[in-house]
Amino acid sequence: MTNRVSNEIKSALIEVCTRFDSISDAFEIDGDHAHLSITNAAKVALSRMVMLMKTLAAMRASQRTGRKSEMLCGGTTSGHPHGR
């Protein structure tokens, strides 16, 4: 994962945590994936927060480069070989 993608993910994580009064305790990139530790204020399901974070990061990456699928998913739209 590139530093640019890592920064997009971290920025989205901070924005989502701020929006839902939650705290980003830790963020670490490990090869092709990220590890997150979040203290959730229980205003919204954690799965919803993660989905929103992924959506924001993908939208920002796409706007900046026009290459969302290559940058975030290794050349597919969802990380799956058939784009599902």
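The sequence shown runs 1 to 84 under UniProt numbering. All C-beta atoms, glycine included, are put in the ideal place defined by N, C-alpha and C.
query	result
Flag this pair as yes or no: are the beta carbons of MET49 and ILE29 separated by less than 8 Å?	no
Give the DSSP bridge partners of LEU36, in chain order.	PHE27
Can you give the beta carbon distance from ILE23 to THR39, rounded, assuming they're within the 8 Å contact cut?	4 Å
Cα separation between PHE27 and SER37?	7 Å
Whose CA, out of ALA34, ALA41, ALA58, GLY31, lies closest to the CA of THR18?	ALA41
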